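In the working numbering, the protein residues as written are 1 to 182.
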């Protein structure tokens, strides 16, 4: 039997969802026997998102050009995409910058008004990704197959979702233990 091709990505977020994923502890050993991790910021150094991914967990919102490019590639190359955590679902804390009205006011506030010794705007094309005007949740950019809320989702929720998917079943996303935000 072929293993499920499994990936995780981290966009604009704090990595808390990935830390919660690691809280699966011993179950990660069981998971490793059922999946082939083909891309993840946790424990791998794979540079290019591969073709033919079966299941991907997407943490974070879409905040810059790199995030946008990656999520488009991820959706195109993945069969089942899960918005993983509140930032992916609502843009959450990263979207607080949306209140400032675009990328330019955010950069000016952070780097010029609050700059310490040598205030200057970062501009290194190809090195520093350009900010998008607004931070957007994943579903505003690509189709999402499942939403897993939480800030972060706890390990029990992550395990319940993945166990269902690995059995070929649609996860049952109902009840406080599965759909509570925050």
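All residues carry an ideal CB built from backbone N, CA and C; glycine is no exception. None of the values given here were measured: they were computed from a predicted structure.
Beta-carbon proximity check, residue i vs residue j, cutoff 8 Å
i	j	result
residue 60	residue 11	yes
residue 152	residue 17	yes
residue 38	residue 7	yes
residue 34	residue 165	no
residue 168	residue 157	no
residue 144	residue 83	yes
residue 171	residue 146	yes
Per-residue burial, residue i [other beta carbons within 10 Å of its own, 16 or more giving buried]
i	result
residue 148	buried
residue 97	buried
residue 121	exposed
residue 117	exposed
residue 125	exposed
residue 115	exposed
residue 89	buried
residue 9	buried
Cutoff 8 Å: residue i Cβ touching any chain D Cβ
i	result
residue 117	Of the chains in the structure shown, none is chain D; there is only one protein chain.
Supposed close pair residue i, residue j - CB separation, criterion 8 Å
i	j	result
residue 65	residue 129	5 Å
residue 49	residue 70	7 Å
residue 5	residue 36	6 Å
residue 142	residue 81	7 Å
residue 13	residue 87	4 Å
residue 180	residue 27	21 Å between Cβ atoms; not a contact.
### Task
Pair every Cβ in the region 126-141 with every Cβ in the region 48-57, then say whether three or more of these pairs are closer than 8 Å.
no
### Task
Give, in chain order, every unbroken run of the beta strand (DSSP E) that is at least 3 residues long and sits entirely within the region 17-70.
35-39, 53-59 and 62-64
### Query
How about the region 38-47 and the region 18-28: do they share at least three Cβ pairs that are nearer than 8 Å?
yes
### Every unbroken alpha helix (DSSP H) within the region 94-152, with a cutoff of 4 residues, ordered by chain
103-107
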